[in-house]
Amino acid sequence: MSVGGTPRRIDSEGKVTGVTEYPADRIPPDALVAKVVFTNQAHARLTSLDVRAAEVTPGVVAVFTAPDVPVNVYGLTLPDQPVFVGTSHTGRTDVPCDVSRWEADHLALVVAETAHAADQAAAAIVATWEPLPVLGDIDEAMAPGAPLLHPENGLGHNVYTTYNIRKGDMAAGWAAAAAVVEATYEVPYQEHAYLQPEAGMAYIDDHGRVTVEIAGQWTHEDREQIAHALDLPEDEIRVIYPAIGGAFGGREDTSLQIVLALAAWRLHQRGEHRPVGCVWSREESIVGHHKRHRGRIQARWGADAEGRITAVESEAWLDAGGYNYTSNKVLGNLHLGQGGPYEVPNAQVTSHAVYTNAVPGGAFRGFGGPQSAYVAECQMNKLAEALGLDPVEIRRRNVLRDGSIGITQTPMPDGVTIAQVVEACAAAASTPPPASPSEPFTPFATLGPAAGDLRRGRGFACAFKNVGFSFGFPERCEAEIVLHGAVGDDAPHGADLFHAGADVGQGAHTVFTQMAAEALGLPIERVHGHFSDTAITGDSGSASASRLTWMAGNAILGAAEEADKAWRNGDRPAVGKFRYVPPPTEALDPETGVCTPNFSYGYVAQAVELTVDTGTGHIRVDRVVSTHDVGRAINPDLVVAQIEGGVVQAHGYVLSEDLQVRDARIQTPRLSTYLIPGIGDGPTVIEPLILELADPIGPWGARGMAEMPMMTYAPAVVAALHDATGVWFDAFPLTPSRVLARLNESGRP
Amino acid sequence: MQVDMTVNGQDRSADVEARTLLVYYLRDAVGLTGTNVGCDTSSCGACTVLLNGESVKSCTILAAQVRGADVTTIEGLADGTALHPMQQAFMECHGLQCGYCTPGMVLAATSLLADNPRPTEAEVREGLEGNLCRCTGYHNIVKAVLHTAEHDAAFWQARASKSGVTA
Numbered sequence: 001m002s003v004g005g006t007p008r009r010i011d012s013e014g015k016v017t018g019v020t021e022y023p024a025d026r027i028p029p030d031a032l033v034a035k036v037v038f039t040n041q042a043h044a045r046l047t048s049l050d051v052r053a054a055e056v057t058p059g060v061v062a063v064f065t066a067p068d069v070p071v072n073v074y075g076l077t078l079p080d081q082p083v084f085v086g087t088s089h090t091g092r093t094d095v096p097c098d099v100s101r102w103e104a105d106h107l108a109l110v111v112a113e114t115a116h117a118a119d120q121a122a123a124a125i126v127a128t129w130e131p132l133p134v135l136g137d138i139d140e141a142m143a144p145g146a147p148l149l150h151p152e153n154g155l156g157h158n159v160y161t162t163y164n165i166r167k168g169d170m171a172a173g174w175a176a177a178a179a180v181v182e183a184t185y186e187v188p189y190q191e192h193a194y195l196q197p198e199a200g201m202a203y204i205d206d207h208g209r210v211t212v213e214i215a216g217q218w219t220h221e222d223r224e225q226i227a228h229a230l231d232l233p234e235d236e237i238r239v240i241y242p243a244i245g246g247a248f249g250g251r252e253d254t255s256l257q258i259v260l261a262l263a264a265w266r267l268h269q270r271g272e273h274r275p276v277g278c279v280w281s282r283e284e285s286i287v288g289h290h291k292r293h294r295g296r297i298q299a300r301w302g303a304d305a306e307g308r309i310t311a312v313e314s315e316a317w318l319d320a321g322g323y324n325y326t327s328n329k330v331l332g333n334l335h336l337g338q339g340g341p342y343e344v345p346n347a348q349v350t351s352h353a354v355y356t357n358a359v360p361g362g363a364f365r366g367f368g369g370p371q372s373a374y375v376a377e378c379q380m381n382k383l384a385e386a387l388g389l390d391p392v393e394i395r396r397r398n399v400l401r402d403g404s405i406g407i408t409q410t411p412m413p414d415g416v417t418i419a420q421v422v423e424a425c426a427a428a429a430s431t432p433p434p435a436s437p438s439e440p441f442t443p444f445a446t447l448g449p450a451a452g453d454l455r456r457g458r459g460f461a462c463a464f465k466n467v468g469f470s471f472g473f474p475e476r477c478e479a480e481i482v483l484h485g486a487v488g489d490d491a492p493h494g495a496d497l498f499h500a501g502a503d504v505g506q507g508a509h510t511v512f513t514q515m516a517a518e519a520l521g522l523p524i525e526r527v528h529g530h531f532s533d534t535a536i537t538g539d540s541g542s543a544s545a546s547r548l549t550w551m552a553g554n555a556i557l558g559a560a561e562e563a564d565k566a567w568r569n570g571d572r573p574a575v576g577k578f579r580y581v582p583p584p585t586e587a588l589d590p591e592t593g594v595c596t597p598n599f600s601y602g603y604v605a606q607a608v609e610l611t612v613d614t615g616t617g618h619i620r621v622d623r624v625v626s627t628h629d630v631g632r633a634i635n636p637d638l639v640v641a642q643i644e645g646g647v648v649q650a651h652g653y654v655l656s657e658d659l660q661v662r663d664a665r666i667q668t669p670r671l672s673t674y675l676i677p678g679i680g681d682g683p684t685v686i687e688p689l690i691l692e693l694a695d696p697i698g699p700w701g702a703r704g705m706a707e708m709p710m711m712t713y714a715p716a717v718v719a720a721l722h723d724a725t726g727v728w729f730d731a732f733p734l735t736p737s738r739v740l741a742r743l744n745e746s747g748r749p
Numbered sequence: 750m751q752v753d754m755t756v757n758g759q760d761r762s763a764d765v766e767a768r769t770l771l772v773y774y775l776r777d778a779v780g781l782t783g784t785n786v787g788c789d790t791s792s793c794g795a796c797t798v799l800l801n802g803e804s805v806k807s808c809t810i811l812a813a814q815v816r817g818a819d820v821t822t823i824e825g826l827a828d829g830t831a832l833h834p835m836q837q838a839f840m841e842c843h844g845l846q847c848g849y850c851t852p853g854m855v856l857a858a859t860s861l862l863a864d865n866p867r868p869t870e871a872e873v874r875e876g877l878e879g880n881l882c883r884c885t886g887y888h889n890i891v892k893a894v895l896h897t898a899e900h901d902a903a904f905w906q907a908r909a910s911k912s913g914v915t916a
């Protein structure tokens, strides 16, 4: 059986032998070298731009700037960003294109025979800037009199998206509360740090299409954005993803797609047909793409004496940076999560996205969920403490169940399993019994451990996260299956599967192949996949929102059924195409937030045990039980791999990753200063626990799960740290210096 | 300048700038793109190769410094079509996801077992601390290394005795 099995990944041999080609590996030796020139201005108006010296630099082929772009604006969910900052306006957009709002705004693209020539030409570009006040964070952006970063939106302030939830009677909620907990939380940036920095290549293919080979998350969306900027029909653009070296949301927005396409297209018009390649350094990658949002959330929750939530009042501000990217969508997810996976009778929730001059916030595994889950779960754990309740028991009394009305006042989709997930996690975490007091430890070999300063603690958190796009987005996924065999054959001897879905490393193409084999009753070796090329595959939607297995599975089931019909009709080959459309969702009502936000959810709970050295502030996570209802594990090994990888990525987010931004400029643009977990840094023990409680509308009952490990780690660690020290941490990352400072400030332990 | 070395058993020669790093010699001059570049600060280890049998980060060393040396990249690890035990182990244990760190990780692990054929889990983690992975959380990588150390013990013992190390 293909579904539920653990075949070897179809890409594994190529990856262990070095045969697999990532975008940079595809660039041929004769390709021209492109360099993106950043404005290097957090906020300034371009008053003049002179590229004549750059153009005559030996080895330079072309220098492209704003006037070369037919429609000089782009953006995944809101077109608010110039492709190039330039002095002249190229029309078709209200966005002032002469202002740099981010240090990594693009000023020009230099194309040269060699990287050296491109560097020299980039240095020869002369730009003059009129400095504008830098809005370094949300406080500066919301201060009275702050300059407007996007006056074109007509709002008159930098808070450009606000969502509300108004439910029940807040006065009654507070009146019924036996305990009220209130805090202001600060959540930090996170850098994706996929190991493969941005790289790509563009050329004109044999059919005359402007073709871009690059690593992304949604081929057809990249194509749409390129077509928009170049003002070309979409069928004249082709996007291909070779192997993708990680993504995690960081490739959801475009990086080099548009500028590479522009260069190949314009050079072709001039009779220059060589491909154009570009490879970013790590520093260009970290400076030049969006981050998980930093932000602030003020939360006040009340519960009655039995621990039942009576009121949730919460207000959040996300730092969107200079451009929207997907901030308005991330904000929606954060908004929905502010009440946690609980029955909330009375709620007043408000969420804002704020333009600043800092690095744009955008998609990152969890998509706003980890920030709100941190706050909701800290609030829940504080209520448990205030009421003298066990953290599991208080959740038992509040979690959503089948038939529950969610915080947006509509029923939850069937198959609400958070209660089962909480119980399973709690049971697993209590067996074996808590370990004996920890061995002394130190991260420094030369520094002797101080056993007397070690404290141990345990923490618990749970969460839900939507699977698939939310709030009325026209969600869909296409698949095509072609069955091969002779007329008269009872059954096909093989099949081709065409699917655009991006394998960013999670193993999507293996899982697609398994699902197609299962749907067709063929051995997996007889299914040949053709993936991630807009010329041969239909629109799959993005590798994001934990949606790809779920959506692709439903599309593949439909395509298999269509192909089977064609087969029984005598067609050879028998072709089946299918476009899966899930149940509709709705946008938030502007005043009350009433809507059906999502069609499916994943559910997660984590229990953490840790040791903290109160003398140094160092934390070691000894054990994490990560419990997931995945509905049906299409490939159990890959599910476990997602959990282990997600937990360690969350570990970095909570403990070590500390993106420093000063005056809206990134100070830590290297892997030597931005510290992702190494092989010795993660939790000592990760115990993945998988439940298979079917999603009624998931393919084979599957639920999405890839983001879930990210959701609850911060609040579970913070709860364990509180258990160990008696101190709450309303901000992270929990670097040793921050932990020590907070412990000292609180005078404990 | 002309730089000669042996790469995966073949003599190679290329005229490169003196400042050319080994990783770019391998990728651009020799055309072997299995060795990846993940950072500029010797932090990630994606560019790890074997230099005279020892793992090195090929971004930390100039091609000109290793003239005449014997370099093994990921493309040269298999014996013809027969995969190396470490490659097999990474496939079987799902020691990879996006795969970008994999060539460096496999080579670093190979070097580790050549020095210490039966490492403990802690020794594996210590031995691979110079190689970053953002996808797997490392557990399946550790599992792969311990798996081959156990299941291909004779292979690793033979390697160790050849390099003068005794377990």
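Line by line, the protein sequences give chains A and B.
If you number the first sequence the way the numbering used here does, the last residue is 749 and the count never jumps.
If you number the second sequence the way the numbering used here does, the last residue is 916 and the count never jumps.
Using N, Cα and C, we set each Cβ at its ideal position, and we do this for glycine too.
Distance between beta carbons of residue j and residue i, contact taken as under 8 Å
i: A:L689; j: A:S737; result: The pair is not a contact, with the Cβ atoms about 34 Å apart (cut-off 8 Å).
i: A:A42; j: A:E103; result: 5 Å
i: A:V467; j: A:W567; result: The pair is not a contact, with the Cβ atoms about 31 Å apart (cut-off 8 Å).
i: A:C462; j: A:T310; result: Contact flag wrong, Cβ pair sits at about 20 Å.
i: A:G521; j: A:E478; result: Not quite, the Cβ-Cβ distance comes to about 22 Å (not below 8 Å), so this is no contact.
Beta-bridge partners of residue i, as assigned by DSSP
i: B:K911; result: Answer is none; B:K911 lacks a bridge partner.
i: B:E872; result: Looking at the DSSP assignment, B:E872 forms no beta bridge with any residue, so it has no partner.
i: A:W301; result: A:V181 and A:V312
i: A:Y203; result: A:T211
i: A:K329; result: DSSP lists no partner for A:K329.
i: A:F64; result: A:L109
i: A:G321; result: A:Y355
i: A:W129; result: A:L46
i: A:H778; result: There is simply no residue 778 of chain A to check, as chain A begins at 1 and stops at 749 in what is shown.
Identity of the residue in the options nearest residue i by Cα
i: A:H290; options: A:E306, A:Y189 and A:V312; result: A:Y189
i: A:G208; options: A:L149, A:N72, A:L232 and A:R623; result: A:L232
i: A:P709; options: A:Q298, A:S12, A:F248 and A:Q269; result: A:F248
i: A:G366; options: A:P413, A:V604 and A:A177; result: A:V604
i: A:I240; options: A:E283, A:D206, A:D496 and A:M201; result: A:M201
i: B:T859; options: B:N889, B:D828, B:S804 and B:D753; result: B:S804
i: A:G682; options: A:L76, A:V624, A:D637 and A:H335; result: A:V624
i: B:L861; options: B:E841, B:E872 and B:H833; result: B:E872
i: A:F64; options: A:I524, A:L267 and A:T47; result: A:L267
i: A:T162; options: A:E283, A:L336, A:P370 and A:L734; result: A:L336
i: A:G602; options: A:E687, A:T356 and A:G704; result: A:G704
i: A:E767; options: A:S372, A:W174, A:K35 and A:L107; result: A question about residue 767 of chain A goes unanswered here, because the residues of chain A that appear run from 1 up to 749.
i: B:L895; options: B:E870, B:S910 and B:Y887; result: B:E870
i: A:G485; options: A:N554, A:G501, A:V575 and A:M515; result: A:V575
Reduced DSSP secondary structure (H/G/I, E/B, other) of residue i
i: A:W728; result: coil
i: A:S287; result: Per the sequence presented here, residue 287 of chain A reads as Val, with Ser not at that position. It is helical.
i: A:Q269; result: helix
i: A:C425; result: helix
i: A:E525; result: helix
i: A:I619; result: strand
i: A:G633; result: Reading off the sequence, residue 633 of chain A comes out as Ala, not Gly. Three-state DSSP puts A:A633 in coil, outside helix and strand.
i: B:D753; result: strand
i: B:I810; result: coil
i: A:F512; result: helix
Residues, ordered as in the chain, of the stretch 783 to 796 of chain B that lie near chain A by beta-carbon distance below 9 Å | Within the stretch 783 to 796 of chain B, the residues whose Cβ lies closer than 9 Å to some Cβ of chain A are G783, T784, N785, V786, G787, C788, D789, T790, S791, S792, C793 and A795, listed in chain order.
Chain B contacts made by the stretch 613 to 626 of chain A, where a contact means CB separation under 8 Å = Residues of the stretch 613 to 626 of chain A that bring their beta carbon within less than 8 Å of a beta carbon in chain B are absent altogether.
Closer than 7 Å, Cβ to Cβ, to anything on chain A: give me those residues from the stretch 854 to 869 of chain B, in chain order.
-> Within the stretch 854 to 869 of chain B, the qualifying residues are V855.
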